[in-house]
Each structure stands twice: as C-alpha cells, then as structure tokens.
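For the protein sequence lines, the chains are A and V, in the order given. Residue numbers for the first sequence follow the working numbering, beginning at 82 and rising by one. Residue numbers for the second sequence follow the working numbering, beginning at 82 and rising by one. Just so it is clear, CB atoms sit at the ideal spot from N, CA and C, and this is done for glycine as well. Contents: one structure, followed by commentary.
There are 2 protein chains.
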Amino acid sequence: MADLVYQQFLKTLKTQINSGAYPDLKLPTERFFSEQYKISLSSVKKALQILADQGIVFKKRGSGTFINPLAQKSNSIFNYNNSSNLGVTDSFSMDGKKPGIKLLSFEVITPTKELIRDLFLNENEFVYEIKRLRMFDGQPFMIETGYIPIKLCPELTPEIVSKSIFNYLQESQNKVVSKSYLTISALPSNKTDQKLLGLATNEPVGLMSGVFFLDDGTPFEYSDMRLHYQYLKYNTFVSLD
Amino acid sequence: MADLVYQQFLKTLKTQINSGAYPDLKLPTERFFSEQYKISLSSVKKALQILADQGIVFKKRGSGTFINPLAQKSNSIFNYNNSSNLGVTDSFSMDGKKPGIKLLSFEVITPTKELIRDLFLNENEFVYEIKRLRMFDGQPFMIETGYIPIKLCPELTPEIVSKSIFNYLQESQNKVVSKSYLTISALPSNKTDQKLLGLATNEPVGLMSGVFFLDDGTPFEYSDMRLHYQYLKYNTFVSLD
DNA sequence: CAGTGGTCTAGACCACACC
DNA sequence: GTGTGGTCTAGACCACTGT
Chain A
82 MADLVYQQFL
92 KTLKTQINSG
102 AYPDLKLPTE
112 RFFSEQYKIS
122 LSSVKKALQI
132 LADQGIVFKK
142 RGSGTFINPL
152 AQKSNSIFNY
162 NNSSNLGVTD
172 SFSMDGKKPG
182 IKLLSFEVIT
192 PTKELIRDLF
202 LNENEFVYEI
212 KRLRMFDGQP
222 FMIETGYIPI
232 KLCPELTPEI
242 VSKSIFNYLQ
252 ESQNKVVSKS
262 YLTISALPSN
272 KTDQKLLGLA
282 TNEPVGLMSG
292 VFFLDDGTPF
302 EYSDMRLHYQ
312 YLKYNTFVSL
322 D
Chain V
82 MADLVYQQFL
92 KTLKTQINSG
102 AYPDLKLPTE
112 RFFSEQYKIS
122 LSSVKKALQI
132 LADQGIVFKK
142 RGSGTFINPL
152 AQKSNSIFNY
162 NNSSNLGVTD
172 SFSMDGKKPG
182 IKLLSFEVIT
192 PTKELIRDLF
202 LNENEFVYEI
212 KRLRMFDGQP
222 FMIETGYIPI
232 KLCPELTPEI
242 VSKSIFNYLQ
252 ESQNKVVSKS
262 YLTISALPSN
272 KTDQKLLGLA
282 TNEPVGLMSG
292 VFFLDDGTPF
302 EYSDMRLHYQ
312 YLKYNTFVSL
322 D
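Put into structure tokens, the structure is as follows:
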C-alpha cells in the first residue's frame, strides 16, 4: 500500500502539514519537492491533487500551493471526508456502539417499473424485497428496504439477510460492492416510522435512497433507507468549478 | 476550454457512449484509444479517470473498462453529478423559476467561539450576520443565515446583500468562492420555520450548514441554510474503496 | 502467459499571476 | 520576465485478471 511513491510522499507531506512545518501556509513548489525527494514531478502532482481534492490544500496556478487554514485547526468541523456517519455500507459503526439487525420481512416480488429501470432488469425477473430494522445498542435508527435481483444472489435465506448481505457476497461469491449512487432528502415521518424508530409525530425521517453497484458495474441493490433524523448527517466537500 | 486534448477525447467518448457505440458495454483498451486518436496514454487515462469518477464507466485492472449500464438509460435516476438541486452557490436556479431574496436582518455582531474557529478569526474581530429569505417565483423555500468577517468585505450594505453577495465579490473585488464544506441533516421545524416557509407543524426542515471558501483557501462565510424539506435533495456518487 | 489498467519517470511546452 | 501549476508526450515496468 504505502510502498507507492506518491502515497509515501503524500503521507510525509500530511505529517509535515499537521506538525506545522509550513507556518506561512505556503508549500514549496512542485519542482522543489520533485528534486528534494528525488521523485518525478508527476508523482508530486498526483499527491498534491489528492490533498486538494480532500480540501487540505488549495492549488493556484501561477501562484503556488497553500495549506487550507482550517486544516491546522484540530477542533474544526472540517474533517476532510466526503461521508455520511454510516459508512454507507453494511459495516455500520458509530462510537463503538454495537450494530444490530432485526429482519422485518423477506419476500420475493415482481419488480415495479422503477426497479426494472434502476436495477437494469429484464422482463419477468423477480427480486427479493428485504425489510430490516437497524439498531445501535438495541436502539432502532433506520428502516431499510432493499431490492435485490434473484439472479444475482439466488441463495439468500432469512438467516443470511439477518446479518450483512454485503459481507456474505464477498465471502461466498467474491463479489464486492464498491460504489453507490444515493439521493439524500427528508420527509415527515409516517405512523410506521414513528412506531419503529421511536419518533414523535412532528419528528421527521431522513431518506437515503439509491443503487449500490458491484465493482464490475452491475447494479446490485436498490435500497430505501429511512433514518431517525438525528442519524442523518452527511458531510460534503465540493469544488464549485 | 475544449481545445485540451483530454477534454476533446472525453467529449468524443461521451458522445460515443450516449449513441450506443459500445453495445456490449466494454470499451477498447487505453492503448487502442491512444493509437487510434494519436494521443498519449496519459491523456486517455486522464479522460477515463474522469468518466470513472462520474460513475459513467467502471475501470477494472486486468480486465478492462466497462460502461455503467445505468449510464445508457436516459430516464434513469442516475445523473452523474455530485450536487444538490441548488448549485450550492448564490446562483440558484430551478426549472426556470425566478429566484428572489428578501432581507430579514443585517447586523454586525461579536462572533461565537464556533465562528471564531470555523472562520479562522482573531480575537476582537467582528462579523456580519445576514438573515435572508430565498424564494422561487415569490415562494419562500429557504431561510439563510450567513456570517462574514468584516475585514473580508468591509463595504457591505443592505442593498448589496439583498442581491447576490458572491456576484458582488467577484465583480467588485475579483474574489471567487470556489469551494464549500457543508454538513447536511434534517430537523423538526420550529415556529419561525413554519411561518416563513409555510410548513405544517409536522413538516421538517432540511439543514445545510458549513463554510464557503475563496479560491485562495480563505474561509469566507459560515452559512446556515434551513430549507423547506421538499427542496432538500442531494445526489451523491461514492466509491467505497 | 497474454492482456489490461496502475504507477512512474524525464522532459517539453502552455496558461496564468505577480512584479 | 520570472515563477508557478496545468497539460502533454513517449516509454518503461508493475499488479491484477483470465485463459
């Protein structure tokens, strides 16, 4: 992993930045780094581009590369990760709380037009409909409804889906879920939400819905996640160029 | 713009993909493209990497590059943009609706500890507090509270902040807001929200709050945006690697 | 083993910022 | 003009996939 040239340099540079090695917030030129570390300009550029994408530095053509002032403040809200508070995968974790799953229902259904479209199904294909309640330390925080084409996963059982489907996939079929396309929004909670998530009538749910992909691009699952609003928290660093 | 080699190639390739030039969803090899178009391998790689980041193709080392099946479905939910439905800047637009701003209040205040931290202020600096109501076709959809250090923008007036602050910045001071770090969440609406946004008591607000940066990395504004929940819609394409 | 994408190098020229 | 990051090239070797 870290034996790659640009990753090695990236690591070094991050350490330097965090230790305050550049009090004026201006980095040396790319050519300087290239000569100092005896690595190619391309490797320097690649590493700096990653830092820029993460918001740690700002590159200005004609001027130089500058450290984001907020990158030095440890207590900042700024944490440089495009992420929700739930790793977006099955591997939920949060402050050492223990994740749990309660299976609500497990059926095989005929897909709607939308599912056929979003999961790239043929006519006459069936999908699993899996409703689960996810918890932290026994406290429900999310109602998850997942739709998975049978052909992609013909041997699912209630036992399997009561645990992590993605882990099962990886271990038994060597398939990896590597990308997701999600839409984030919010809605007033309905009676079911209120009952299952312990919400008051005026408290909303967060919605995250969309498609998970295998690493060969196959749409694997359409998922509809209704979250207790206190668990909807998505951080995003965006370039407006 | 489009006279760059990799951008030209990118454009060509997108057109080919959209016209169904690769019905088996497998692209030629990078070396093939390099020779066919007489451009360097690096340029091909750069363009394909962009397509991969946008979710249009999937690159698999050892196997090849494949078109995302959803990329061919025109009616898909999939639109390849990490974006909210409100360009994140002052230049709101939506289905040709006419944006409007109503200034609610315009003050100078002593910043809180959090503001000092997030805007990288020194002690004894003051900030503007600007409360505005944003509308589409006269219909309010967002309450925006912005905090801007006086030193960055010493000549703000009620007239200026009744329009686009970011546009004013660019035109009068040649400063550009180019990045943002935002946290997205949701909350039950309070009385003020309900009154200003026309919400029922059980209807929530979406929250987008965080910092906007100038292109030299200066934190320019801390903004707190409370949206009518129907306008909170954020699309995100994520690699889980 | 052959094929494919990933990394790396050395060097050239371009576009933009600042003096 | 000088210095900076951005693009581009040609070519080498590595890591992984599938036969």
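| request: Count the other CB atoms, across all protein chains shown, that sit within 10 Å of the CB of D274 of chain A; report buried if there are 16 or more and exposed otherwise. | output: As a first step, residue 274 of chain A is located in the first sequence; it is residue number 193 there, counting from the start. D274 of chain A should be labelled buried.
| query | Helix or strand or just coil, what does DSSP make of Y228 of chain V? | reply | Position 147 of the second sequence, counting from 1, holds the residue named residue 228 of chain V. Y228 of chain V falls in the strand class under three-state DSSP.
| query | Rounded to a whole number of angstroms, what is the C-alpha to C-alpha distance between E206 of chain V and H309 of chain A? | reply | Within the second sequence, numbered from 1, the residue matching residue 206 of chain V stands at position 125. Within the first sequence, numbered from 1, the residue matching residue 309 of chain A stands at position 228. Computed Cα separation, rounded: 39 Å.
| request: Decide if P300 of chain A is buried, meaning its Cβ has at least 16 other Cβ atoms within 10 Å, or exposed. | output: Working through the first sequence from its first residue, we reach residue 300 of chain A at position 219. Buried: at least 16 other Cβ atoms inside 10 Å.
| query | In this structure, does DSSP put L288 of chain V in helix, strand or coil? | reply | By 1-based counting over the second sequence, the position of residue 288 of chain V is 207. Correct three-state label for L288 of chain V: strand.
| field | Rounded C-alpha distance that separates K260 of chain A from K92 of chain V | value | Residue mapping note: residue 260 of chain A aligns to position 179 of the first sequence, counting from 1. Residue mapping note: residue 92 of chain V aligns to position 11 of the second sequence, counting from 1. Answer to the nearest angstrom: the Cα atoms are 24 Å apart.
| message | Can you pull out the residues from the segment 101-130 of chain A whose beta carbon lies closer than 7 Å to at least one beta carbon of chain V? | response | none
| Near-chain V residues of the segment 263-276 of chain A (beta-carbon distance less than 9 Å), N- to C-terminal order | L263, T264, I265, S266, A267, L268, P269 and S270
| Where does R215 of chain A land, buried or exposed, given buried means 16+ other C-beta within 10 angstroms? | The sequence position of residue 215 of chain A within the first sequence is 134, counting from 1. Buried: at least 16 other Cβ atoms inside 10 Å.
| Is the Cβ of V169 of chain V closer than 8 Å to any Cβ of chain A? | Along the second sequence, read from residue 1 onward, the residue named residue 169 of chain V stands at position 88. For V169 of chain V, the predicted structure reports a pLDDT of 39, less than 50, and the residue's modelled location is therefore unreliable. A value from the coordinates is still provided. V169 of chain V counts as touching chain A.
| field | D199 of chain A classed as buried or exposed, judged by whether at least 16 other C-beta atoms fall within 10 angstroms | value | Along the first sequence, read from residue 1 onward, the residue named residue 199 of chain A stands at position 118. By the neighbour-count rule (16 or more Cβ atoms within 10 Å), D199 of chain A is buried.
| message | Below 7 Å on C-beta distance, what does N99 of chain A contact in chain V? | response | Counted from its first residue, the first sequence places residue 99 of chain A at position 18. What N99 of chain A touches in chain V: nothing, since even the nearest Cβ is about 16 Å away.
| request: Verify whether the separation of the beta carbon atoms of M306 of chain V and S320 of chain V is less than 8 Å. | output: As a position in the second sequence, residue 306 of chain V is number 225, starting the count at 1. As a position in the second sequence, residue 320 of chain V is number 239, starting the count at 1. Cβ distance not < 8 Å, so M306 of chain V and S320 of chain V don't count as in contact.
| query | So what does DSSP say about D305 of chain V, is it helix, strand or coil? | reply | Looking up residue 305 of chain V in the second sequence gives position 224. Three-state DSSP puts D305 of chain V in a strand.
| task | Kindly confirm or deny that the segment 264-272 of chain V and the segment 215-234 of chain V touch, where touching means at least three C-beta pairs closer than 8 Å. | result | no
| Same chain, Cβ closer than 7 Å to K131 of chain V, five either side skipped, listed in chain order | For the purposes of this step, residue 131 of chain V is identified with residue 50 of the second sequence, where counting begins at 1. Per the sequence presented here, residue 131 of chain V reads as Ile, with Lys not at that position. Cβ neighbours of I131 of chain V beyond the five flanking positions: L91.
| message | Can you check which of these residues, V:Q135, V:K126, V:P150 and V:L151, is closest to R142 of chain V by C-alpha distance? | response | Stepping through the second sequence from its first residue, residue 142 of chain V is reached at position 61. Ranking the options by Cα distance to R142 of chain V, first place goes to V:K126.
| message | Among the candidates V:L85, V:E111 and V:I137, whose CA atom is the shortest distance from the CA of P96 of chain V? | response | Along the second sequence, one-based indexing puts residue 96 of chain V at 15. The amino acid at residue 96 of chain V is misidentified as Pro; the sequence shows Thr. Taking only the C-alpha atoms, the option nearest T96 of chain V is V:I137.
| said: Quick check: the Cα distance between Y312 of chain V and F318 of chain A, rounded to an integer number of angstroms? | reply: Position 231 of the second sequence holds residue 312 of chain V. Position 237 of the first sequence holds residue 318 of chain A. If you take the alpha carbons of Y312 of chain V and F318 of chain A, they lie about 20 Å apart.
| message | If you reduce the DSSP assignment to three classes, tell me which class S261 of chain V lands in. | response | By 1-based counting over the second sequence, the position of residue 261 of chain V is 180. If DSSP states are grouped into helix, strand and coil, S261 of chain V belongs with the strands.
| What are the boundary residues of the beta strand (DSSP E) that F247 of chain A is part of? | On the first sequence, position 166 is the one that residue 247 of chain A refers to. Taken as a continuous stretch (DSSP letters only), F247 of chain A belongs to no beta strand (DSSP E), being part of the alpha helix (DSSP H) at I246 to Y249.
| Where does L85 of chain V fall in DSSP's three states? | The sequence position of residue 85 of chain V within the second sequence is 4, counting from 1. Of the three classes helix, strand and coil, the one that applies to L85 of chain V here is coil, per DSSP.
| query | From E225 of chain A to V86 of chain V, what distance separates their C-alpha atoms? | reply | As a working note, residue 225 of chain A is residue 144 in the first sequence. As a working note, residue 86 of chain V is residue 5 in the second sequence. Approximately 45 Å, taken between the alpha carbons.
| said: Check for me: the alpha helix (DSSP H) holding P239 of chain A runs from which residue to which? | reply: On the first sequence, position 158 is the one that residue 239 of chain A refers to. P239 to V242 is the span of the alpha helix (DSSP H), which, as asked, contains P239 of chain A.
| Partner residues on chain V for D84 of chain A, Cβ-Cβ distance less than 8 Å | Taking the first sequence and counting its residues from 1, one reaches residue 84 of chain A at position 3. Neighbours of D84 of chain A on chain V: none; closest Cβ ~17 Å, over 8 Å.
| field | Range covered by the alpha helix (DSSP H) that runs through K127 of chain V | value | Here residue 127 of chain V refers to the residue found at position 46 when the second sequence is read from its first residue. Residues L122 to D134.
| message | Please tell me whether T317 of chain V has its Cβ less than 8 Å away from any Cβ of chain A. | response | For the purposes of this step, residue 317 of chain V is taken as the residue at position 236 of the second sequence. Chain A, which has a Cβ nearer than 8 Å to the Cβ of T317 of chain V, makes this yes.
| task | Give a yes or no on whether the minimum CB-CB distance between E284 of chain V and chain A is below 8 Å. | result | Stepping through the second sequence from its first residue, residue 284 of chain V is reached at position 203. At a cut-off of 8 Å, the C-beta of E284 of chain V has a neighbouring C-beta in chain A.
| For M223 of chain V and L263 of chain V, the rounded distance between their alpha carbons | As a working mapping, residue 263 of chain V is identified with position 182 in the second sequence. As a working mapping, residue 223 of chain V is identified with position 142 in the second sequence. If you take the alpha carbons of L263 of chain V and M223 of chain V, they lie about 16 Å apart.
| Backbone CA spacing between P221 of chain V and I190 of chain V [nearest angstrom] | Looking up residue 221 of chain V in the second sequence gives position 140. Looking up residue 190 of chain V in the second sequence gives position 109. Rounded to whole angstroms, P221 of chain V to I190 of chain V spans 26 Å at the Cα level.
| Along the chain, where does the alpha helix (DSSP H) that runs through E111 of chain A open and close? | Reading the first sequence from its first residue, position 30 is the one you call residue 111 of chain A. E111 to Q117 is the span of the alpha helix (DSSP H), which, as asked, contains E111 of chain A.
| Can a CB atom of chain V be found closer than 8 Å to the CB of F147 of chain A? | As a working mapping, residue 147 of chain A is identified with position 66 in the first sequence. So, interface residue.
| message | Run through chain A and tell me which residues come within less than 8 Å of V258 of chain V, C-beta to C-beta. | response | The sequence position of residue 258 of chain V within the second sequence is 177, counting from 1. One finds L321 in chain A with Cβ atoms closer than 8 Å to the Cβ of V258 of chain V, taken in chain order.
| query | Excluding five sequence neighbours on each side, which residues of the same chain lie with their C-beta closer than 8 Å to the C-beta of L202 of chain A? | reply | In the first sequence, counting from the first residue as 1, residue 202 of chain A sits at position 121. Once the five neighbours on either side are set aside, the close Cβ partners of L202 of chain A are P192, L196, V208 and P230.
| field | Listed by chain order, chain V residues near D218 of chain A by CB distance under 7 Å | value | Position 137 of the first sequence, counting from 1, holds the residue named residue 218 of chain A. Residues of chain V with a Cβ closer than 7 Å to the Cβ of D218 of chain A do not exist, since the nearest Cβ in that chain sits about 21 Å away.
| Neighbour-count burial assignment, F293 of chain A, 16 or more Cβ in a 10 Å radius | Taking the first sequence and counting its residues from 1, the one referred to as residue 293 of chain A is at position 212. So F293 of chain A counts as buried.
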